[in-house]
Amino acid sequence: MTDNKANKKTSLSHEFNKGIIKENPVLCLLLGACPTLAVTTGAANAVGMGAAATAVLICSNIVISLLRRFIPNTVRIPAYITIIAGFVTIVQLLVKAYAPSIDDALGIYLPLIVVNCIILGRAELFASRHSVIPAAVDGLGMGIGFTAAMLCMGIIRETFGTGGVFGVNLLPESIYTPIIIFILPAGGFFVFGMLIAISNRLQKGALARREIGCAGCPSAKTCSTIKEGGKDIC
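Final position of the sequence shown in the numbering used here is 946; the numbers increase by one with none missing.
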C-alpha cells in the first residue's frame, strides 16, 4: 500500500513537472506560438494570458476526463472544442468584469484560447485517457509552464523595449534609450528564438549528465564500486 502511494505521488509529480521543464509547451513543444509572440510585449499581458489559459486548461481537462467514457470517438474533437469554448467564455466575462485593461490588451487572443493547440492537445493526448486528478495536475503543470515562458518573454521584451517592467519605469531615459525593436514582432521572434536555444542547451546538458553516470564523478577512479540492488553506485 505504501509503495502504491509513493508511486502515485511520483507519477503526479512527474506529470506536473514535465509541463514546466521537460515538455514545456512553448519552449520545448513549440505550441501556442501565436499568442506567445503577440501578447508578450509586456509582462502584465503575459501573466494575464497565462492565467486565463491555465484556468481553461485545468477546467477543461477535468470535465473531459470525467466525460471521456461518454463522448463518442467520432465527435470527440467538436465535443472538446465545445467544452473548452464554455470555459473560455466564462474566463473572458470574468476578465472583462475585473480586469478590463487586460481584456483590452489581449484583444482577440483571449477568445482564441478556444482553438489553442496546447489546450486541444492536452485534451486529446492526456485528459481523454486519464482520470480526473492526473488530468488536473497535467493541466496545472502545462499552464504554469506556458505562463512562465510567456512571462520570461514579456519581462525581457518590456525591459529592453521600454526600460521598465509591469509598467514601472526601472531605467530612466537619461541613462537608457529603449530599444524599440524588442516590442515589435521582430523582437518577439528574436527573444523567442533565444529562449528556445537556452532551453535546448539546458535540456541537452541535463541529458548528458544522466547518461554519463559514474563516469562523470570526479572520484570515479579512486572510489570502489559497490553492488547494491543490481546497480553500480560510486
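Positions of the beta carbon are idealized from the N, C-alpha and C atoms, including for glycine.
Please read all numbers here as calculations on a predicted model, not as lab measurements.
- Bounds of the alpha helix (DSSP H) holding Tyr792 are Arg788 to Tyr810.
- Taking all protein chains in view, the Cβ of Ser813 is surrounded by fewer than 16 other Cβ atoms within 10 Å, so the residue is classified as exposed.
- Secondary structure of Val844 (DSSP, three-state): helix.
- Taking the CA atoms as reference points, Val826 sits about 11 Å from Pro790.
- In this structure, DSSP gives Gly876 an extended state, which the three-state scheme calls strand.
- Contact between Val800 and Val768 is confirmed by a C-beta separation of about 6 Å, below the 8 Å threshold.
- Between the alpha carbons of Gly900 and Asn757 lies a distance of about 14 Å.
- In the DSSP assignment, Thr748 falls within the unbroken alpha helix (DSSP H) covering Ala745 to Val751.
- Residue burial annotation: Gly905 is exposed, with fewer than 16 other C-beta atoms found within 10 angstroms of its C-beta.
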